[in-house]
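Working notes for the structure below.
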Amino acid sequence: MSSNFGIAIHGGAGTIVKMLLTEKMENEYQVKLKESLKAGFDVLNKGGASLEAVQAAIVVMEDSPLFNAGKGAVFTNEGTNEQDASIMCGKTLNCGAVAGVTKIKNPIRLVSIVMEKSEHVCLSGTGAERFAKMHKVDFADAEYFYTDRRWEQLQKAKKKEAVNGSDYSQLDHSDDTKHGTVGAVALDKDGNLVAATSSGGMTNKKFNRIGDSPIIGAGNYANNKTCAVSTTGHGEYFMRGVSAYDLSALMEYKNMNLKDASDEVIRKLGELGGTGGLIAIDSECNVVLPFNTSGMYRGYKLGDSSFEIGVYKD
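Residue numbers (my numbering): 855 to 1168.
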């Protein structure tokens, strides 16, 4: 059996330092990251498709209140939850995305149906939810998405805003209230790459703000010729840099390897003023997980038994 397959995941990047996480919380993150990796890897190990593997991995994180996606989505300025997600297939370059959905239990399930069943790439808001009902996607009410932790983060952000008299709190990336995107990239035994990303966006976001997570080429990208990429961080900068596609383009047009291309993308992100990270896997099953913040919840598991879980930079 071929061992040239694997999966990588992230659960957000930001100011994640040991002094800010209790031992109990750190352990909870590591347990959930391992559970996510196992769910995705088991699909691949049994000969399943990378499309199914990334969904399996992300559903685990969407169902956990630890991550800013699904159950743990952050609150907008209006006290609601607006979620974005996307998925892309490297074999066909087909993709699907949703933006600003408020009632979908697992946005990652919906984007795969958008990719396969819709003539469009990206659906938003109530229209996306009508489409979801047509295809019997699971819904959840507002109570499902409520967590004390996320609500307290919103109140803290609003207090900062009141003191500064501006949108400062929405742009402040000094804590983990903004960098909670989850993502997965996978290479299956047939050599097909898939990337997927899901996010609740930014705490205290306004005016139905949409980040990079549903933007193909920014929040994720996949091409069997090069790699599959999922990003996490300050989405405005990933959009400006078209960062996910940029990594693939550096490999395709400059013949750069995965590591050098990913390092270049993170360097350029920093030059723009952006913070965050990415995960990527190429057609040869090389994996990278670079970031320019103090931490990123991350991990990978490969068919050759390589395995890693990480939280902090060092």
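From the three backbone atoms N, C-alpha and C, an ideal C-beta is built for every residue, glycine too.
Just so you know, these numbers come straight off a predicted model, no measurement behind them.
- Only residues of its own chain outside the window of five on either side were considered, and among them 952, 958, 986, 991 have a CB closer than 6 angstroms to the CB of residue 964, listed in chain order.
- Here residue 1098 really is in contact with residue 1085; their C-beta atoms are around 6 angstroms apart, less than 8 angstroms.
- The DSSP-derived three-state label of residue 1036 is strand.
- For residue 1063, the secondary structure class from DSSP, reduced to helix, strand or coil, is coil.
- In this structure, the alpha-carbon of residue 1081 lies about 42 angstroms from that of residue 1018.
- DSSP, read as helix, strand or coil, puts residue 1016 in helix.
- DSSP places residue 1072 in the coil class of the three-state scheme, outside both helix and strand.
- Taking the Cα positions, residue 900 is about 11 angstroms away from residue 906.
- Counting only runs that start and end inside the region 887-925, the alpha helix (DSSP H) elements of at least 4 residues fall at 904-916.
- Annotation: residue 1001 to residue 1107 spans about 45 angstroms, alpha carbon to alpha carbon.
- The C-alpha of residue 911 lies about 10 angstroms from the C-alpha of residue 886.
- Of the residues assessed, residue 995 falls on the exposed side of the cut-off, its CB having fewer than 16 other CB atoms within 10 angstroms.
- Cβ atoms of residue 949 and residue 962 stay farther apart than 8 angstroms, at about 13 angstroms.
- Looking at 858, 1095, 860, 867, the one whose alpha-carbon comes closest to that of residue 1147 is 867.
- Taking the C-beta atoms as reference points, residue 939 is found nearer than 8 angstroms to residue 1051.
- Nearest to residue 1136 by C-alpha distance, out of 1072, 883, 921, 904, is 904.
- DSSP places residue 982 in the uninterrupted alpha helix (DSSP H) bounded by 979-988.
- Setting aside the 5 residues that flank it on each side, residue 928 is surrounded in the same chain by 922, 1004, 1054, 1057, each with a C-beta closer than 6 angstroms to its C-beta; the list follows chain order.
- DSSP, read as helix, strand or coil, puts residue 866 in strand.
- In this structure residue 1149 is in contact with residue 871, their Cβ atoms being roughly 6 angstroms apart against a cut-off of 8 angstroms.
- For residue 1130, the number of other beta carbons within 10 angstroms of its own is at least 16, and it is reported as buried.
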